[in-house]
Each structure stands twice: as structure tokens, then as C-alpha cells.
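The block underneath contains the structure these notes are about, expressed in C-alpha cells.
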Amino acid sequence: MEIIEKIKTNKSIDNQTEIQKICLDKLQSSPLPNPRSEQWRLSNKSKLSNFLDYSVNENNSKFDIPYPKNSQSTIRLIIGENCQIKLIEKNYSIRQLSEDELQKYIKEQISCFNQNENWSDLLNLSLSCKNNILGLKINGSKIPPIEIFSYASSNSLNAKTLIIFLEKNCNVELLQVNLGKENSSLSQSTFFCLEENSSLNHGVVSYGVNKSNLLNSLNVIQQKNSEYNLGSLHFKFNYARFEIRIKQSEGNAKTNIKGMQITKKDEQISTYTKIYFDGPNGFLDQINKSLADDKSHAIFEGSIIVPKIAQKTDASQLSRNLLLSNRAQIDTKPQLEIIADDVKCKHGATISQLNEEELFYMRTRGITLTEASKLQLSSYFQEIISFIPVSKDRWNLLDKLLNEN
Amino acid sequence: MVNENLVKDVVKEPYKYGFVTDIETEKIEKGLNEDIIKLISQKKEEPRFLLDFRLKAFKKWQKMKEPDWAALGYKKIDYQDIIYYSAPKQKEKISSLDEVDPKLLETFDKLGIPLTEQKKLTNVAVDAVFDSVSIATTFREELAEHGVIFCSISEAVKNHADLIEKYLGTVVPTSDNYFAALNSAVFSDGSFVYIPKGVTCPMDLSSYFRINSGDSGQFERTLIIAEESSSVSYLEGCTAPMFDTNTLHAAVVELIALDDASIKYSTVQNWYAGDEEGVGGIFNFVTKRGKCLGKRSKISWSQVETGSAITWKYPSCLLLGEESVGEFYSVALTNNLQQADTGTKMIHIGPKTKSTIVSKGISAGNSKNSYRGLVKMGTKATGSRNYSQCDSMLIGDQASANTFPYIKSQQPNSEIEHEASTCRISEDQLFYLQSRGIEFEEAVSMMVSGFCRDVFNQLPMEFAAEADKLLALKLEGSVG
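Taken in sequence, the protein lines are chains A and B.
The opening residue of the first sequence carries number 1 in my numbering; numbering runs sequentially from there.
The opening residue of the second sequence carries number 1001 in my numbering; numbering runs sequentially from there.
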């Protein structure tokens, strides 16, 4: 783990920015997360060390976006390539965050970081150079859909950071695509700040190819009356970790999350979520689905924290899992930590396989086993995919998943 | 409108088992080392294998670290400041109940546990453990007619050494965890039950644990073996006097069920919980585990946890035998500054195994109540099923309720379902009951009782009544 050695000696990066310095300092004493901590105990150690085996690449190779735009209006950005942006239209404006704004916000975030919980972010921020940080401030209405791409080059580790401020009363539809190349590691950290009355429909689609790794961390702060909807999909990664941390800073906000992860071969994909209600009347509806095949391992750990101040919180969390092979394994741990007494909180978890009775029924109607399984899977996938804000025809996500499963 | 203070008053209840029995006891000096262990073993006239067992456990314990993963906060325990053996002084060996110190009998009478057989109305055999030793076991002869062995573990070591050697530590190995290792090194007494093949135990068996001295820990060990096609229902109760120091209780319970056998183990735990400021109370660190070794065997845990300052307890089932069944029904009530981290582990190893978990947590005052459970489907557990349900009730806005279910599956042909919810005493329901002329206190008590109904239904008759009464007492404020 070349990087860790470099972090220890604090030599990893020339021309360090102030943020990089702070993060490197924090990492120096213990550069790796504690493998016995709750957040990391199930994480595959050798896969994590494989993630860190590649050397850091700050330059970005030429990248062709694999999908055509569906309409001229879509705003498309690639982190690392075209970070200079300034769009001022009649109804809306998208402009780059100033250096000061960026620093101030990130420093604020770092001050409450915890070594194990925010290790992915610390690593990201200590490696991500100025060119690979995209910071945006969005304002106004009738904003065209935005697509933001992040990718890793082969045989290297790339760190990319995205920071978006949504100003008051603004509605945005944003699709974030993380692409892995062969033998690559991508560290992606995203920070959103949703101001009052704003709403964000966020889609995260991450997929790799052979031997690609991903550490994807998402931090959202929601001010009151904001709405955050997240649809996410992670598949085809040797090792992927999706961390979601959402804080409803004053309560009175709405959060909907629908996520899915699909693992095959000997892959390990995990989702960790932490939803913190720091005010009353918060709402959360979360569902996470996993599908594990071959020798793979799918993990979900979700926690909902409702302190005393968060009265009248209504939160529900559901983890649904399909285990398709004898050698695959699934771990799930939906947890509740509640102090407020006037709340409605519930969670549920199931692990099973495809419903045999339904399969049998379809087969008696002349549908082959393969087709019947596909039908079942497509209904399983559909709930999540339909929640991702992306034009279905263009991305063909469902077909992509079905043909590969 | 619910008056928050009124609810808080309702959940306050003085502890009525807090008296100390003034009886001469024999204690050894404080501290823990190999010599102390040898001394305990010598006092109990134990065979060599048991001393080796203890020393081995002690060596392992010395290398272990106290676990810190539970959602509990308590001041560090000084293991050298505890007396590991304390027994009421006896001049001669007891041959019948008449020779038991009358003060002791009085103590158990006060606790509502009549040891004198003539007085007994209910058909329950009792083994009473006072501090470190077993005082008396009733209904022995009748049980012996059926071939059932029910005695203290020290007696079993003397009279049934082969069974002890064969089974002790097979379910909870000495190195299992920190507290189990400690218990294995210093355990003083406990109960031993052996149900022979094909026998349905003619009466419920019960043991009653009483801590009397403030500076001695209690480390009892229970071993229950149910041979093929046998069945037994075992009840356990515990109380302790009020001291302003914390007393350590680290017990180990091992259950073994062979083919078609069934064991039902019920606990009403009412150790002293400390006062309102959290001073004193028992630290309860217990390892309870059952092994469903045989085909179609069944182990059922039911517990009502109302006492202890700290509860750390996870009664578990290892489901090895084909079609074996594990059950866990629990009510945990915490009040004031009590902390409970309790739950279960259902490890499905054999095929077609089934488990059910029903856990109800009630937290009031400033207490902390966590459910922590593991459900695991091993690679060979084809056709296995689990259903878990964890409900929490919060009374007041200072109490916390946490749920930490760990679910792991390695077998596609199995099903796991888990659900959890939280609720409070609903104002609408209270209003409805009150408008029908039901007093506030009674209404709260009725609602709590209804919340726990699923679990109480699983308790044996005698205990169900006691548990209902206990919760009502804790919640009603007026001692009935």
C-alpha cells in the first residue's frame, strides 16, 4: 500500500493545498481505519489494500462519455476536465464556488469528522487536487437536468470531489455517474448542502469493469423544508463501498432513498447509511435492495438516529435482500437509536431467494425458467431504477442488469 | 393531554427485596489469582478435572479484554476488589431442610419462595442459591422416582462427575467471552438438571438466586441436559439487597437438548437496580446459551428483565440438529439510570431449523434500552426460517431505545424476516380508557401489559402471574 506509506511520511503530494494538509495531518497517525470498528469490520481487508495499491493519478486521460445526450438542454460535466463553469440564464444560474467558499465549507465538515466513520472522505480530500474538485452553487428554477461524471483511469487511483450548494427555493435533477476502468480505484466524495425549500432529485449510478474499485461517499445537509430524493445503483465492482450520511439540520425535511447493489463473482459491495435528525418533524423513507450471486458478498448497514430534539420524526427503513448462490453471503444491519418519545420509527429486513411458487406459476403458463427469473428480477429492480432520475431509454439500465444476471 | 410528570411518577416503584439478611457468612479474602481459585476448588472438594478447567479458564481470562462494544457506560470494574466466595456458615452438613438456618428459610419466605415442602401449594421444585452456595433443593425424592436429577452443581460434581465432565463447557467454552471465562474460573454454585431419556419432568423446576453480601460477586453456573424425547420447564428468579456499591453478577447457563427433547427456560430477573441517581445496583453480565444438538429438539428462552443497573445478556440458541427450533421471548423494562443491552443469537447450522424472536423493550426515566441480536444462516441451513420482531416503547423524552439487529445469511434456500418498531403510550388510547372510567395509572399499566402480552403468554403460569405483577408494581407506584 504505497499510498499509506506516503501518507505516513507526508510526502504524497507536492503543492499541497491547505485542505490536503489538514486531512493528511489527520490521517498521519493512523492512516487506515480500524478494522474492528463497526463501519469496517465486514470490509474485505485484502480488497481494501488492493484499492490502495494503485498510485495516485492527478492527470486525467481523455474520457469519452459512453452515452449520448438525450436533449440539448442537459448540462454535462466531467470532474477533472471541465470544472470551469459559469451559466447565467434568465431563470437560473450555475456558478463555480469560490476558493474561499470551498475551503470554508470543507473545513467546517472536516472539523466534525471521525477517523473511522469519515475515513473515505479524509482519504479523498487528502488526495484530491485542485483540478479534481468541482464546486457549484445553483440557484433559480427550471434548471435543465445535470449530469456529472467521475471516472478512474486504468492502473491508477483517482480522487474526485464534488460540492454543490443548492440555494433557497431551487429544484434540481442531478445524475451522478461513477465509472470504473479495468484495474483502477476511484475515490469519490460528494457534499451537498440543501438550503430552505430546495429540492434535489439525485441519481447515483456506479459501475465498473473487471477489477475496478470504488469508495463513494455522500454527505448531505438538509435545511428545513428541503427535500432530498436519492436513487442509487452500484454494480460490477471488485470492491465498492457506498457511504451515505444525511443530516436534517433543523428537521422539517423530507428524505427518500432507494438504493440497490448487485454483486457477482467474488465482488464485495457495501452500503452504509447514517441518517441523523437534528430537529423535529423529519421524514425518511428508505429501501435498500441487494442481490448476491456466485461467491460475492453484499453488505448493508443503516442507522437512524433520533435525538431528543427530533420529536414527531417519521422514519422507516427496509433492507431487502436476494441471495442467489450457496457460496454468496449477505450481511444486513438496519439499526435504530432513539431518544425522542413521540416518534414513528420502524425498520425491517428480509433475506430470501426468488419466490419458488411464483416461478412455478409462470412455468405452468409456458414461461421458461430463465424468462420467469428475469421477470421476477425485473420487478425487483424496477422499483429502484424507476426512482433514478435518468431517461430510461438512453441508459437502458434495466436491460443492462437483466442481461447480465 | 398526558401529563409527563404523571407518567414518570407511575413508573417509580420502590424495590421491596432490598433487605439484608443478618447471617454469619464465611468469606474468603478479596482478589483473584490462582491461589484463590485453588482455594475455591478445595473448599468445594472438587475433582482434579474441574480445577484444571478453572485454571485453564483463568489463564485465558487474563489474556482477554473486557468487551466495550455494548451500548453501555459504567465505571470500570476492579476485579481484585471482589470476594469470589461467600457462603452462609454451616456447622454440619445439611441432610434435611429442618437443619437449614431458620434465618435463611425466613429470607426465602420473605421473597415469596417457600422452601418447606409442606407449605408448598404449587407444584414446583426449588433450588435456592444464597450468595455462593446452594441452600436447599426441594422435591428431590419425587423427582428421583422419575430419574430426574435436580441438585446444586457442587453436588452434581460429587455425585455425577461423569456428566459434568462430559458436558460442562461444551456449549459455552471457557474462552467464549470475558465474563464466561471469569465465571468458568471462579463459579461457586448453581443448578444442575438431568432429564433422562423419554421423561417429561413431572413438575416445573425452579432456582432462586439471592445475593446477600455487598462486596462479593455472584458467579453461578447452570447446566441442563435433556436426553432424547424428554422435556423440562425451568424457571429462574433473582433478587439482591440494596447496597450503594455495585455488585458483579456473571453467570453462565448451558442447555443441551438431544433428539426430540425440549427445554423451556424462563427468567424473571429483578436484581437491585440502584437508586434514582444510579448509585448501587447489580452489574449483570450473563452468558446463556442452548445447544439444540438433536433432531427436532427445541429450546425456548423467555425472560422478563426488570432489575440490574447494567444488563448484558444474550440468551442464544445453536441450532445444529435437523428441524430444531429456537425461541426467544423477552420483555426488558429499564427505568431511572438503568442500562440494558440485551437480545439473542440464533445460529442456524442444521437444515430446516426454525427460530422466532419476540423482544419488547420499555424504557422510562433516563434509562437506555438496547436490543442487540444476531441471526445467522450457515451454509448448510437449507430450508431454515427466522422471524424476528422487536418493539420498543418509550416513556418520557429522556429515555433511549436502540435496535441493533445483525443479520447474516450464507444460504439462499432460507428466509429471514426482521421487523422493528417504536411507539409511546398513545394519548388517544389513554384518553379512551380514562373516558371509560379507568384510572390513569391502571390505564398505563394495562397498555404496558398489552404491549408485553406476546411474551407473557409464553411464560409458565406461575411466572406469568409474577411477571405481570412485577411490571404492574414497577409501573403502578402503589405496592399491591
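Using N, Cα and C, we set each Cβ at its ideal position, and we do this for glycine too.
Exposure of residue i, with buried meaning 16 or more beta-carbon neighbours within 10 Å
| i | result |
| --- | --- |
| residue 1049(B) | exposed |
| residue 132(A) | buried |
| residue 411(A) | Because chain A is modelled from 1 through 405, residue 411(A) falls outside the range shown and cannot be assessed. |
| residue 1312(B) | buried |
| residue 22(A) | buried |
| residue 1375(B) | buried |
| residue 225(A) | buried |
| residue 210(A) | exposed |
| residue 1426(B) | exposed |
| residue 1092(B) | Confidence at residue 1092(B) is low in this model, with a pLDDT of 47, below 50, so the placement of that residue should be treated as unreliable; the coordinate-derived value is given next. Result: exposed. |
| residue 1420(B) | buried |
| residue 157(A) | buried |
| residue 1069(B) | exposed |
| residue 1201(B) | buried |
Under 9 Å by beta carbon: chain A residues contacting residue i
| i | result |
| --- | --- |
| residue 1394(B) | 338, 339, 340, 341, 342 and 343 |
Contact list for residue i against chain A, beta-carbon separation under 8 Å
| i | result |
| --- | --- |
| residue 1406(B) | 331 and 333 |
| residue 1402(B) | 335, 336, 337 and 338 |
Between the CA atoms of residue j and residue i - distance to the nearest angstrom
| i | j | result |
| --- | --- | --- |
| residue 326(A) | residue 1410(B) | 7 Å |
| residue 55(A) | residue 24(A) | 16 Å |
| residue 1045(B) | residue 1073(B) | 39 Å |
| residue 1327(B) | residue 1355(B) | 5 Å |
| residue 351(A) | residue 284(A) | 22 Å |
| residue 1352(B) | residue 64(A) | 52 Å |
| residue 233(A) | residue 119(A) | 22 Å |
| residue 124(A) | residue 161(A) | 7 Å |
| residue 1205(B) | residue 1344(B) | 23 Å |
| residue 221(A) | residue 1275(B) | 41 Å |
| residue 250(A) | residue 223(A) | 6 Å |
| residue 386(A) | residue 230(A) | 11 Å |
| residue 1431(B) | residue 215(A) | 52 Å |
| residue 1368(B) | residue 303(A) | 17 Å |
| residue 86(A) | residue 198(A) | 21 Å |
| residue 1263(B) | residue 347(A) | 31 Å |
| residue 1145(B) | residue 1171(B) | 28 Å |
| residue 1393(B) | residue 242(A) | 32 Å |
Neighbour list for residue i in chain B, Cβ cutoff strictly below 8 Å
| i | result |
| --- | --- |
| residue 252(A) | Ordered by position in chain B, no residue passes the 8 Å Cβ test against residue 252(A), which lies about 18 Å from the chain. |
| residue 308(A) | 1397 and 1398 |
| residue 374(A) | Ordered by position in chain B, no residue passes the 8 Å Cβ test against residue 374(A), which lies about 17 Å from the chain. |
| residue 351(A) | 1377, 1407, 1409, 1414, 1415 and 1416 |
| residue 346(A) | 1419, 1420, 1421 and 1422 |
Three-state secondary structure (DSSP) of residue i
| i | result |
| --- | --- |
| residue 1203(B) | coil |
| residue 337(A) | strand |
| residue 119(A) | helix |
| residue 1434(B) | helix |
| residue 1385(B) | strand |
| residue 1377(B) | strand |
| residue 395(A) | helix |
| residue 1161(B) | helix |
| residue 322(A) | strand |
| residue 1121(B) | Confidence at residue 1121(B) is low in this model, with a pLDDT of 44, below 50, so the placement of that residue should be treated as unreliable; the coordinate-derived value is given next. Reduced to three states, the DSSP call for residue 1121(B) is coil. |
| residue 23(A) | helix |
| residue 406(A) | Look at the range of chain A in this structure, 1 to 405, and you will see that residue 406(A) is not part of it. |
| residue 368(A) | coil |
| residue 50(A) | helix |
| residue 1052(B) | helix |
| residue 1085(B) | coil |
Within chain B, the residues that residue i reaches when beta carbons sit closer than 7 Å
| i | result |
| --- | --- |
| residue 324(A) | 1412 |
query: Given a limit of 9 Å on CB to CB distance, which residues of the segment 1408-1430 of chain B reach chain C?
result: Absent from the structure is chain C; the protein chains it does hold are A and B.
message: With three or more C-beta pairs closer than 8 Å as the rule, is the segment 338-346 of chain A touching the segment 354-370 of chain A?
response: Verdict: no, contact absent.
message: When you compare the segment 1353-1366 of chain B with the segment 1395-1411 of chain B, are there three or more beta-carbon pairs, one atom per stretch, that lie closer than 8 Å?
response: They touch, by the three-pair rule.
query: Does the segment 163-182 of chain A come within contact of the segment 140-155 of chain A, defined as at least 3 CB pairs closer than 8 Å?
result: As far as the Cβ criterion goes, the segment 163-182 of chain A touches the segment 140-155 of chain A, which means the pair count is three or higher.
- prompt: Does the segment 44-55 of chain A come close enough to the segment 133-143 of chain A that 3 or more CB-CB pairs lie under 8 Å?
  reply: Touching, no.
task: Report yes or no: do the segment 314-325 of chain A and the segment 293-303 of chain A share at least 3 C-beta pairs separated by less than 8 Å?
output: With the cut-off at 8 Å, the segment 314-325 of chain A and the segment 293-303 of chain A touch.
- prompt: Does the pairing of the segment 1212-1224 of chain B with the segment 1078-1087 of chain B give three or more beta-carbon distances under 8 Å?
  reply: With the rule of 3 Cβ pairs closer than 8 Å, the segment 1212-1224 of chain B counts as touching the segment 1078-1087 of chain B.
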